[in-house]
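> Pasting a structure here, questions to come.
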Ligand SMILES: [Zn+2]
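Numbering (the working numbering), first residue to last: 5 to 196.
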């Protein structure tokens, strides 16, 4: 009997003298026994190839995982952006709504109103829009006059404000004050 170590797994093995080939009882490694009780072993090319194949396979697996991770991360980011927008948009809208209400509330002081827009701001509006703006500001005495000029001027668009006068003034600046019951006259382009 001779004893030797498996070159692959280091297990202690014993074998009868005279044998040429031994398979490790622990890992199955093929051990070639030469003369003088020395042994040589072949580290099979097949094994190396297997290991190589395994390594390549592992690399492919890792790459797949990495790609999956990347695409999941992109989905996560897109999801978070959508969520953020859906949460923020209503907040911003309500903030804008509140600030527009505040603008009108602040413009009324006692019996006078500071208009938050100038006369030229209103002249490009549809007359219904101008009316709503003026009503929101708090004016109570609003008259509309269609001026029947549709088709006479090239750039005229029906329903658009031609002129707004407050308290007899057809030119005013944003922030200018008027009595709350000042007569407001909206003249607008019409075909009638
Ligand atoms: Zn072994």
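All C-beta atoms, glycine included, are put in the ideal place defined by N, C-alpha and C.
(1) With burial defined as no fewer than 16 other Cβ atoms inside 10 Å of the residue's Cβ, what is the status of residue 47: buried or exposed?
(2) Which residues in the same chain have their Cβ closer than 8 Å to the Cβ of residue 183, if we skip the five residues on either side of it in sequence?
(3) Kindly examine ligand 1 and report whether one of its heavy atoms sits closer than 6 Å to the Cβ of residue 27.
(4) Determine the extent of the alpha helix (DSSP H) in which residue 119 is found, giving its start and end residues.
(5) Specify the secondary structure class of residue 136 as computed by DSSP and reduced to three states.
(6) Should residue 33 be counted as a contact of ligand 1 given a C-beta to heavy atom distance under 6 Å?
(7) Going by the CB atoms, is the gap between residue 143 and residue 188 shorter than 7 Å?
(8) Excluding sequence positions up to five away, which residues of its chain have a Cβ less than 6 Å from the Cβ of residue 175?
(9) Helix, strand or coil for residue 94, going by three-state DSSP, please let me know.
Let me lay it out:
(1) Here residue 47 corresponds to residue number 43 of the chain shown, with the count starting at 1. Its pLDDT being 44, under 50, residue 47 is placed unreliably in this model, and the value from its coordinates should be taken loosely. When all chains shown are included, residue 47 counts as exposed.
(2) The residue given as residue 183 occupies position 179 in the chain shown. Only 115, 116, 117, 171 meet the Cβ criterion.
(3) On the chain shown, position 23 is the one that residue 27 refers to. Outside the cutoff, so no.
(4) If you number the chain shown from 1, residue 119 lands on position 115. From DSSP, residue 119 is part of no alpha helix (DSSP H); its letter is neither H nor E.
(5) Position 132 of the chain shown, counted from the start, is the residue given in the question as residue 136. Residue 136 falls in the helix class under three-state DSSP.
(6) Within the chain shown, the letter at position 29 stands for residue 33. Yes, since a heavy atom of ligand 1 falls inside the 6 Å radius drawn around the Cβ of residue 33.
(7) For this step, residue 188 is matched to residue 184 along the chain shown. For this step, residue 143 is matched to residue 139 along the chain shown. Cβ distance < 7 Å, so residue 188 and residue 143 count as in contact.
(8) Against the chain shown, residue 175 aligns to sequence position 171. Shown here for residue 175: same chain residues with a beta carbon closer than 6 Å to its own, the five before and five after excluded, namely 123 in chain order.
(9) Along the chain shown, read from residue 1 onward, the residue named residue 94 stands at position 90. Residue 94 carries a helical assignment under DSSP once its states are collapsed to helix, strand and coil.
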